[in-house]
Every structure is written in C-alpha cells, then in structure tokens.
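Enquirer: Residue numbers (the working numbering): 11 to 404. Idealized CB from N, CA, C, for every residue including glycine. What follows is a single structure, and I will ask about it in a moment.
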Ligand code: FEO
C-alpha cells in the first residue's frame, strides 16, 4: 500500500520485516528495516530513490496504484548502494524515458553496479530541477555515508529527502515518528548512527552546520530507512549533533571474553567497583553478545573496559573482531582501559592497549592483569580498579 505523506507525495517503498543482517552480516537488524522510495506527482513526475532489488515488484505495484509508471520523468538516485538503487533497472523498464539524476560519483557507481546505458544527468549542490509546482534542490552530502551520497530538498514542503542520514533499521506498520514507540525509534536511530556514521562524525557536523547556515526550513525529514520524521524533525538533527560531538552518559561498559572464568571474575568485580562509584555499567561477554548492540551502547557511554584471557600471547579470537571494529569506528572522547588473566607470558592486555591507542581512545589507567585465578585480594584490586574508573567519568 502506498502512503500519502504530503499532498501529491507518496511513500512507495517496502518493509523488510525479516532481514536480520545488513551490510554483509556486519550490522544486526533485530527489528528489520524498510527501503523508502518516494513518488512526487506534479507536471513532471519524480521517484526519489528505489528499493532493494528483491522488492522491485512491490515498488512497481505501489507506483501503479498512484500513477502509470511510464509517466515517470525523473528517478533521483541519492545514493548508489544496492538497497536504494537495486530496483532502478526494473523501474526503467516501465519508465523508459525517465532520466536518472545523481552526483558524478553516483553516476560512476551506478554504471559499475548495473552496466546500464541510462539517460543520466549529473547534479551538484545548488542545482535545481522544476517539477511544476515543486522544485527539487540537491545538496551533495559526501561521506554521509558514501562519497556519492546526496540529499534532495523541496522548499515548498520544507521536506528533506536525506537518504541514509537520519534513517533507522526499523520495520513498522507506521510510517511516521508519531506512529511508533519513541524509545524504540531512538534506540534504532542511535544504533544506526553508531554502526554506520560514527567514524564520519566530522562530516555529519559539517554538513548539518552548512545546511543550518543556509537557513533552509525543515518541517519533515524523509530518510531511506525506517520512519519519516514529521512531529519534531529537529529531534533527530539534534541527536546527530550530540552523537557527533562524543557527548555521552556517565556509564562504563565492561566488554570481555574469558577462557576458564578468571577474566570473567575480574570483569564482574570491576563492574561492582564501577557501580559503587555511582556510575552505571553494563557487562557484555563477547561470544554471547551482539557486536552492533555493544557499539550502540558505547555511543552513549563515556568509557569502556576491555578484557581478555591470554592465548598465544594475544587476545582470544572472540575479542579480536571487537577490537577491529573499534579501529574502524574510531570512537571519540571515550576513556578506556584493558584487563585480563594469563597463565604464562601474558600478551592480551598489550594487544588490547595497542588497539585502543590505534582507535584513538584515551587510556586512563595502566592495564590490570592477574596470573591464573584471581585471589580474594586480587578481586579487591579489580573492584578498586572499577571504582577508580568511575571517578574518571564524573
Ligand atoms: Fe548506504 Fe541504506 O545504504
């Protein structure tokens, strides 16, 4: 079913209730997602983005309810990635005269994905295309989150079609922010930011400030995933500015894995120390936790303790992927420390600390390491270690 979002503007996207992994299993989508495509009916007809290819027929059927697809004049490709461009080839079969609009990088990317001889018009920041009563205005948004990314803006409705930015992986029966649970919505929006946009925070801040300086009004933000922000669209813009700044709660995560339980005992004693210092904590044992969820929790936490038993002079193989993920995300303004047990030689804490430094995190305490099984006194040391960490986020 297509959904009218404004006069003569319709959501014609698809809800993917069952997808549980995105970006090649790098992002867990516990609540599914949507691929949002928007149809604008005017003297000229424009489709803004498409959907993931398996949903092509759904898209075409939804368009047909509103208008004959052969009448589409423009397909705006705000972004190359397959979840938004996957159905363009199919739409073009029904709309052979449609012109595809996108950035120069988008043109190159689409050609390399679909090898189509499409009628393509390159657009850049400030370019406008009149549909009649409405005009599409384009803003390049490189690295939000790919180099080709672009926003489309319609002044008449103060509508920003922001593609991936401000999206969430959230399948729902409602299409708008005021039709879904607000806490779930913001949880998914923060997970999306943490896992996709976090390393690009400088670009996020710069782009938002640039748009703010232009003084353009925004009454509605229609991203390409999840719900449309219409109640208070500035809520998500302000949240992005906060996340990009590195601001977070007084909370310290304890993330670890343990071979025979010694590092686990350390983790639990450290968490007790953090709590006794009046600071919130959460413990995640890596093999039984979702990495994407931990990353989301880290976005809103001031600190993290990472622990591992030593194996082969390094960290457990279950800890290494999390360290790799931190290297890519480069979390800003986080304090961190390492811990772990060892039998002989050691090495886990060295590996953790090296990775924390490379990830740009602020190591605020020398690592704590314990030989074999921690004694009562050694667990007391872990407790004090957690308590000291708590002081550093006050
Ligand atoms: Fe960058 Fe939703 O694709």
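Quick check on the DSSP output: the beta strand (DSSP E) that includes residue 230 runs from which residue to which?
Expert: Looking at the DSSP string, the run of the beta strand (DSSP E) that includes residue 230 is 230-233.
Enquirer: Compute the distance between the beta-carbons of residue 317 and residue 346, then report whether it is under 8 Å.
Expert: In this structure, residue 346 does not lie closer than 8 Å to residue 317 by Cβ.
Enquirer: Between residue 314 and residue 383, is the Cβ-Cβ spacing less than 8 Å?
Expert: Against a cut-off of 8 Å, the Cβ pair of residue 383 and residue 314 comes out as no contact.
Enquirer: Exposed or buried, which one is residue 366 when buried takes at least 16 other CB atoms within 10 Å?
Expert: So residue 366 ends up on the buried side.
Enquirer: Just curious, the alpha helix (DSSP H) that residue 144 is in, first and last residue?
Expert: Note, residue 144: premise wrong, no alpha helix (DSSP H); not H, not E.
Enquirer: Please list the terminal residues of the continuous alpha helix (DSSP H) segment that includes residue 221.
Expert: Unbroken alpha helix (DSSP H) run through residue 221: 211-224.
Enquirer: Give every residue whose Cβ lies closer than 5 Å to any heavy atom of the ligand FEO, listed in chain order.
Expert: Here the list is 91, 93 and 174.
Enquirer: Run the CB neighbour count on residue 108, radius 10 Å, all protein chains shown included, and call it buried at 16 or more, exposed below.
Expert: Result: buried.
Enquirer: Once DSSP output is grouped into helix, strand and coil, what is the label at residue 164?
Expert: Correct three-state label for residue 164: strand.
Enquirer: Go to residue 332, then tell me how far its beta strand (DSSP E) extends in each direction, as first and last residue.
Expert: Element bounds for residue 332: not the beta strand (DSSP E) but the alpha helix (DSSP H), 330-339.
Enquirer: Quick one: is residue 195 buried, meaning 16 or more other Cβ sit within 10 Å of its Cβ, or exposed?
Expert: Per the 10 Å Cβ criterion, buried.
Enquirer: Looking only at its own chain, which residues have a Cβ that is under 8 Å from the Cβ of residue 12, when we skip the five neighbours before and after it?
Expert: For residue 12, where only same-chain residues beyond five positions count, the Cβ hits under 8 Å are 20, 21, 22, 49, 72, 73, 75 and 76.
Enquirer: In this structure, how does DSSP classify residue 91 when only helix, strand and coil are distinguished?
Expert: Correct three-state label for residue 91: coil.
Enquirer: Mind checking residue 353: buried by the 16 CB within 10 Å criterion, or exposed?
Expert: It counts as exposed.
Enquirer: Could you check how far apart the C-beta atoms of residue 92 and residue 123 are, in whole angstroms? I think they sit under 8 Å.
Expert: Their Cβ separation, rounded to whole angstroms, is 7 Å, which keeps residue 92 and residue 123 in contact under 8 Å.
Enquirer: Looking at the structure shown, is residue 282 part of a helix, part of a strand, or coil, going by DSSP?
Expert: Helix.
Enquirer: Based on DSSP bridge pairs, tell me the residues matched to residue 21.
Expert: For residue 21, which the question treats as bridged, DSSP gives the partners 13 and 48.
Enquirer: Can at least three beta-carbon pairs, one atom from the region 83-98 and one from the region 43-62, be found at a separation below 8 Å?
Expert: In short, these stretches touch, since the Cβ pair count reaches three.
Enquirer: Do you know how far the Cα of residue 336 is from the Cα of residue 251?
Expert: Residue 251 and residue 336: Cα-Cα distance of roughly 21 Å.
Enquirer: Cutting at 6 Å between CB atoms, please list the residues of its own chain near residue 261, excluding the five before and the five after it.
Expert: Around residue 261: 290 and 311.
Enquirer: Count the other CB atoms within 10 Å of the CB of residue 401; is the residue buried (16 or more) or exposed (fewer)?
Expert: Exposed, since its Cβ has fewer than 16 Cβ neighbours within 10 Å.
Enquirer: Kindly identify the DSSP beta-bridge partner or partners of residue 239.
Expert: According to DSSP, residue 239 bridges with 231.
Enquirer: Could you check what DSSP says for residue 8 in three-state terms: helix, strand or coil?
Expert: In the structure as shown, the chain begins at 11 and stops at 404. Residue 8 is therefore absent and cannot be evaluated.
Enquirer: Could you give the C-beta distance for residue 94 and residue 163, rounded to a whole number, given that I count them as a contact under 8 Å?
Expert: Not a contact, Cβ separation roughly 17 Å.
Enquirer: For residue 304, name the three-state secondary structure that DSSP assigns.
Expert: Helix.
Enquirer: Which two residues bound the contiguous alpha helix (DSSP H) that contains residue 312?
Expert: Where residue 312 is concerned, there is no enclosing alpha helix (DSSP H), although the beta strand (DSSP E) it sits in stretches over 311-318.
Enquirer: Return the CA-CA distance between residue 171 and residue 403, expressed in angstroms with no decimal places.
Expert: Each residue's alpha carbon lies about 38 Å from the other.
Enquirer: In chain order, what residues of the same chain have a beta carbon less than 6 Å from the beta carbon of residue 112, not counting five sequence neighbours either side?
Expert: Contacts found: 87.
Enquirer: Please name the residue, chosen from 156, 243, 106 and 136, that lies closest to residue 118 on a Cα-to-Cα basis.
Expert: Considering only alpha carbons, the answer is 156.
Enquirer: Please identify the residue among 394, 279 and 342 whose C-alpha is closest to the C-alpha of residue 10.
Expert: This structure does not reach residue 10, given that the chain is present from 11 up to 404, and the question cannot be answered.
Enquirer: Who are the near neighbours of residue 274 in its chain, counting only those whose CB is closer than 6 Å to its CB and skipping five residues on each side?
Expert: So the list reads 268, once near-sequence residues are dropped.
Enquirer: Return the first residue and the last residue of the beta strand (DSSP E) that residue 84 is part of.
Expert: First-last of the beta strand (DSSP E) with residue 84: 84-86.
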